[in-house]
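First comes the structure, then the notes that go with it.
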DNA sequence: TCAATAACCGATAAAATATTCGGTATGCCT
DNA sequence: AGGCATACCGAATATTTTATCGGTTATTGA
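Chains as they are written, first to last, in this note's numbering: chain B, 7 to 127; chain H, 7 to 127.
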């Protein structure tokens with residue numbers, strides 16, 4: 007008799023992808039990088055609403071998941087300058103991101119409306 | 007002279023869409039509903055990993071954003087039976103969800119690997 | 001000498017989210 | 001009478017995520 011491991015497999019692609027894309031600003035950061043803001047300081051300026059710390063932290067996560075890669079211009083030179091770019095894996099997300107973005111923009115009115123309703127509660 | 011309100015407009019579609027789709031299980035719940043699990047108890051059984059409470063709460067949010075709608079078979083009869091279905095707005099998310107799901111499944115190995123690396127830290 | 005720069009990290013505080021547990025409602029079945 | 005089923009809610013707690021603040025590094029330029 008074969009006993010099956012009852013492993014909690016969690017083979018929900020949505021769940022897995024959300025591990026990568028979830029988080030308050032990850033999508034926006036990827037978008038910023040795609041739009042040419044490759045340096046942390048640029049990204050932070052682009053996404054003013056997010057604290058710099060959280061951008062650093064989420065960049066680190068994106069790095070760990072391999073959707074972005076980092077190169078430092080010159081390790082010895084100061085001020086240090088680093089570039090974050092999309093990897094192939096990261097680029098494979100672009101069509102999805104643009105779809106999500108489009109959906110969000112198309113329904114911006116409704117979403118904002120419902121968001122403000124929540125605040126009242 | 008016209009003074010502009012410095013409103014924090016946040017017209018990032020990605021951010022807005024993530025308000026709707028963010029949250030640990032929202033995507034999965036939408037997926038479950040799409041796959042025919044329209045009753046809360048069915049959804050809960052389908053997504054065993056999530057607590058029932060959080061499913062209830064996220065259903066309420068999805069309801070508020072208007073991506074699902076709820077009908078109660080008979081308000082007076084007990085046990086009460088309610089159905090959650092996708093609205094038109096919710097259905098407009100389906101192609102996106104399936105893309106996200108596909109991406110997640112395609113890269114499941116890498117994602118899981120990186121996820122377990124995090125746990126070590 | 002001192003400010004400025006750029007990236008980044010650590011500690012802590014605060015806020016957002018999720019979990020746990022128990023309770024309500026009521027008709028059906030044994 | 002007692003247990004089951006179904007949806008749902010409230011409160012307390014736990015966990016995770018984000019924000020805030022200050023510090024580090026080494027060079028350039030005033």
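Yeah, the Cβ is synthetic: ideal placement off N, Cα and C, and Gly gets one too.
{"query": "With a threshold of 16 other CB atoms inside 10 Å of the CB of residue 86 of chain B, please say whether the residue is buried or exposed.", "result": "exposed"}
{"query": "When you compare each of B/18, B/26 and B/53 to residue 99 of chain B by their alpha carbons, which one comes out closest?", "result": "B/26"}
{"query": "What are the uninterrupted segments assigned as alpha helix (DSSP H) that are 4 or more residues long and contained completely in the segment 49-96 of chain H, given in chain order?", "result": "58-70"}
{"query": "My understanding is that residue 90 of chain H touches residue 65 of chain H, with C-beta atoms under 8 Å, so please give their C-beta distance in whole angstroms.", "result": "6 Å"}
{"query": "What residue from H/37, H/20 and H/105 has the CA that sits closest to residue 74 of chain H's CA?", "result": "H/37"}
{"query": "Could you tell me which of H/123, H/102 and H/114 sits nearest to residue 24 of chain H, measuring between CA atoms?", "result": "H/102"}
{"query": "State the Cα-Cα distance for the pair residue 126 of chain B and residue 113 of chain B, rounded to the nearest angstrom.", "result": "Summary for residue 126 of chain B: the model assigns pLDDT 45, below 50, so the residue's position carries little reliability; its value from the coordinates is reported in the next sentence. Straight-line Cα distance between these residues: approximately 21 Å."}
{"query": "Helix, strand or coil, according to DSSP, for residue 99 of chain B in the structure here?", "result": "coil"}
{"query": "Output yes or no for whether 7 Å exceeds the beta carbon distance between residue 35 of chain B and residue 92 of chain B.", "result": "no"}
{"query": "State yes or no: is the C-beta of residue 107 of chain H within less than 7 Å of the C-beta of residue 20 of chain B?", "result": "yes"}
{"query": "Within 7 Å (strictly less), CB to CB, does residue 70 of chain H reach chain B?", "result": "yes"}
{"query": "Report buried or exposed for residue 44 of chain B, applying the criterion of at least 16 other Cβ atoms within 10 angstroms of its Cβ.", "result": "buried"}
{"query": "My output table needs one value for residue 112 of chain H: the three-state DSSP class, helix, strand or coil.", "result": "helix"}
{"query": "Alpha carbon to alpha carbon, what distance is there between residue 18 of chain H and residue 32 of chain B?", "result": "12 Å"}
{"query": "Under 7 Å between C-beta atoms, does residue 110 of chain H make it to chain B?", "result": "yes"}
{"query": "Applying the criterion that 16 or more other CB atoms from any shown protein chain within 10 Å of the CB defines a buried residue, is residue 83 of chain B buried or exposed?", "result": "exposed"}
{"query": "Just checking: is the beta-carbon of residue 56 of chain B within a distance shorter than 7 Å of some beta-carbon in chain H?", "result": "no"}
{"query": "Looking at the C-beta of residue 90 of chain H, does it have a partner C-beta in chain B at a distance below 7 Å?", "result": "no"}
{"query": "Is the distance from the Cβ of residue 120 of chain H to the Cβ of residue 71 of chain B below 7 Å?", "result": "yes"}
{"query": "For the putative contact between residue 22 of chain B and residue 117 of chain H, defined by C-beta atoms under 8 Å, what is the C-beta separation to the nearest angstrom?", "result": "5 Å"}
{"query": "Would you verify that the beta carbon of residue 24 of chain B is, or is not, closer than 7 Å to some beta carbon of chain H?", "result": "yes"}
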